[in-house]
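> Residue numbers (the UniProt record's numbering): 1 to 387.
We put the beta carbon where it would ideally sit given N, CA and C, even for glycine.
Given the structure is predicted, the values throughout are model-derived calculations rather than measurements.
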């Protein structure tokens, strides 16, 4: 009987312990669930905030593409405005003196069929003036000790004809002695262009000036070879962006053709105006496949002169004539103005600035009129500003 009592008591105690354990377990589960429901929304908000902050940080590091700035017309110098108007000039002009815009205006029509006027925002292919940007890029690589302009081209293109004697500066100032190539209207890769130039060989030893697109095609390919990047990407990152050029692009994509600001080039012969034929821009690899408005050309010039793109020694080397032609590296060093020029079928560009950087004269034309010389216009405008 006593044994039965003890067994009953022990069973009762065990049941009580089990009940208490179950109760504690239930309370623990309730506490955990309550905690989760209480803190989960806060944790989610914190996580979303952290993700948002991280994404914002990522977005901040990637600058969005900027839209071209809308430029207003300025005619502070009415004499210049009258002179250009009376010439019958068609295009867009920018004149800056002592950091002040004294003329920024479009003349004539950007599209004569659609009666769209030229304006300060009109875009033009810039032709060979692009060579100054390639020269700038090569000198930037020299500053970074990635090359020397005294290097033989054979260092980078071992099979280049006479490559041990041709130096990079010979390519930069058009004294390489290479034959070059004949431009066609066929699509070609940059490798095909370079191979054609190699195959055509040389016409003499380096030293004699002979202007050739081929010199700068080789330099553009060298730029890509050393930087391991497309030359357009390099120019965007190291020249266009630091100069704040927002109206500049490349002709071999569709942005120019699709832009409402794009001009049409015309040839004027015997009173008849004919739209110029666009070349195949793969043929102008680094030597004429860019477009911009006149203000962007000025911004590039000014960035050079204020040493945002090149150090003083590099700029001096760039502007120093490499031959009797007065051509340095991308610019002619004329007595009054430092200038470069570009031509395509229907378009002409004259870009000039004074030796001290006080005066900038940028002329973009979309009518090739042999009665109007942009070089003469540049000289007359400069004379008018300095008298």
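1. Might you give, ordered along the chain, the residues of its own chain that have their beta carbon closer than 7 Å to the beta carbon of residue 65, omitting 5 neighbours on each side?
2. What do you reckon, are the CB atoms on residue 92 and residue 120 nearer than 8 Å?
3. Can you find the residues in the same chain that come closer than 6 Å, C-beta to C-beta, to residue 164, ignoring five residues on each side of it along the sequence?
4. Give the range of the alpha helix (DSSP H) segment to which residue 275 is assigned.
5. May I ask you to list the residues that DSSP assigns as paired with residue 300?
6. Taking all protein chains shown into account, do 16 or more other C-beta atoms lie within 10 angstroms of the C-beta of residue 61, making it buried, or fewer, making it exposed?
7. Hey, how far is the Cα of residue 166 from the Cα of residue 103?
8. Please specify which runs of the alpha helix (DSSP H), each continuous and at least 4 residues long, are wholly inside the stretch 152–184, giving them in chain order.
9. Does DSSP put residue 291 in a helix, a strand or coil?
10. Spatial neighbours of residue 175 within its chain, please: CB distance less than 7 Å, with the 5 preceding and 5 following residues excluded, ordered by chain position.
11. Give me the residue from 278, 319, 284 and 241 with the minimum Cα distance to residue 300.
12. Around the Cβ of residue 131, are there at least 16 other Cβ atoms within 10 angstroms (buried) or fewer (exposed)?
13. Helix, strand or coil for residue 110 per DSSP?
14. What residue range is occupied by the uninterrupted alpha helix (DSSP H) comprising residue 225?
15. In three-state terms, what does DSSP make of residue 75?
16. So what does DSSP say about residue 127, is it helix, strand or coil?
17. Just reading off the alpha helix (DSSP H) that residue 196 is part of, what are its end residues?
18. I'd like the span of the alpha helix (DSSP H) that includes residue 379, first residue to last.
19. Evaluate contact between the stretch 321–340 and the stretch 122–141, counting only Cβ atoms and requiring at least three cross-stretch pairs below 8 Å.
20. Is it true that the stretch 183–199 meets the stretch 252–270, where meeting means three or more beta-carbon pairs spaced less than 8 Å apart?
21. Measure the Cβ-Cβ separation of residue 134 and residue 220 and say whether it is below 8 Å.
22. Looking at the unbroken alpha helix (DSSP H) that takes in residue 358, where does it start and where does it end?
23. Let's test the definition: count the other Cβ atoms within 10 Å of the Cβ of residue 199 and tell me whether it reaches 16, buried, or not, exposed.
24. Since residue 92 is in the alpha helix (DSSP H), which residue starts that stretch and which ends it?
25. For residue 303, which of 361, 136 and 113 has the nearest alpha-carbon?
26. So what's residue 327 in DSSP terms, helix, strand or just coil?
27. Mapping the DSSP letters down to three states, classify residue 349 as helix, strand or coil.
28. Should residue 109 go down as buried or exposed, given a rule of 16 or more other Cβ atoms within 10 Å for buried?
29. Excluding sequence positions up to five away, which residues of its chain have a Cβ less than 7 Å from the Cβ of residue 245?
30. For residue 356 versus residue 349, is the C-beta spacing smaller than 8 Å?
31. For residue 141, which of 190, 234 and 84 has the nearest alpha-carbon?
32. By the 10 Å Cβ neighbour count, where 16 or more other Cβ atoms means buried, how is residue 383 classified, buried or exposed?
33. Pop quiz: residue 281 and residue 251 are said to be a contact at Cβ under 8 Å. What is the actual Cβ separation, rounded to whole angstroms?
34. How is residue 100 classed by DSSP in three states: helix, strand or coil?
35. Ends of the beta strand (DSSP E) at residue 231?
Walking through what the data contain:
1. Its pLDDT being 35, under 50, residue 65 is placed unreliably by the model, and the measurement read from it follows with that caveat. Counting only Cβ-Cβ distances below 7 Å, and skipping sequence neighbours, we find nothing.
2. Going by C-beta atoms, residue 92 is nearer than 8 Å to residue 120.
3. Cβ-Cβ distances below 6 Å link residue 164 to 152 and 154 in the same chain, with the five nearest sequence neighbours on each side left out; the list follows chain order.
4. Not the alpha helix (DSSP H): residue 275 falls in the beta strand (DSSP E), residues 272–275.
5. Residue pairing by DSSP places residue 300 opposite no residue, since no beta bridge is assigned to it.
6. Note that residue 61 scores 31 on pLDDT, short of 50, meaning its location in the model is unreliable; the coordinates nonetheless yield the value given after this. Under this definition residue 61 is an exposed residue.
7. So the alpha carbons of these two residues sit roughly 43 Å apart.
8. Within the stretch 152–184, the complete alpha helix (DSSP H) runs of at least 4 residues are 168–172.
9. In the displayed model, residue 291 falls within a strand according to three-state DSSP.
10. Close CB contacts of residue 175 within its chain, under the 7 Å cut and outside five residues either way in sequence, are with 206, 207, 208, 209, 322 and 323 (chain order).
11. That would be 241, whose Cα lies nearest to the Cα of residue 300.
12. Flag for residue 131 reads buried.
13. Reduced to three states, the DSSP call for residue 110 is strand.
14. Residue 225 -> alpha helix (DSSP H) spans 213–227.
15. In the structure shown, residue 75 adopts extended strand secondary structure according to DSSP, grouped into three states.
16. In the structure shown, the three-state DSSP call for residue 127 is helix.
17. Under the DSSP assignment, residue 196 falls in the alpha helix (DSSP H) whose first and last residues are 190–200.
18. 374–386 is the extent of the alpha helix (DSSP H) around residue 379.
19. The stretch 321–340 makes contact with the stretch 122–141: 3 or more CB pairs, one atom from each, lie closer than 8 Å.
20. Taking a cut-off of 8 Å for Cβ pairs, the stretch 183–199 and the stretch 252–270 do not touch, as fewer than three such pairs fall below it.
21. Contact: yes.
22. For residue 358, there is no enclosing alpha helix (DSSP H), since its DSSP letter is neither H nor E.
23. With fewer than 16 other beta carbons inside 10 angstroms of its own, residue 199 counts as exposed.
24. Per DSSP, residue 92 lies in no alpha helix (DSSP H) segment; the continuous beta strand (DSSP E) that holds it begins and ends at 91–97.
25. The candidate whose alpha carbon is nearest that of residue 303 is 136.
26. Secondary structure at residue 327: strand, using DSSP grouped into helix, strand and coil.
27. The DSSP-derived three-state label of residue 349 is strand.
28. Residue burial annotation: residue 109 is buried, with at least 16 other C-beta atoms found within 10 angstroms of its C-beta.
29. Counting only Cβ-Cβ distances below 7 Å, and skipping sequence neighbours, we find 292, 296, 299 and 300.
30. Between residue 356 and residue 349, the gap from beta carbon to beta carbon reaches 8 Å or more.
31. Of the listed residues, the one whose Cα sits closest to residue 141 is 234.
32. Exposed is the call here.
33. Going by Cβ atoms, the distance from residue 281 to residue 251 rounds to 4 Å, so yes, they are a contact pair.
34. It is a strand residue.
35. That residue, residue 231, is in no beta strand (DSSP E); its alpha helix (DSSP H) goes 231–235.
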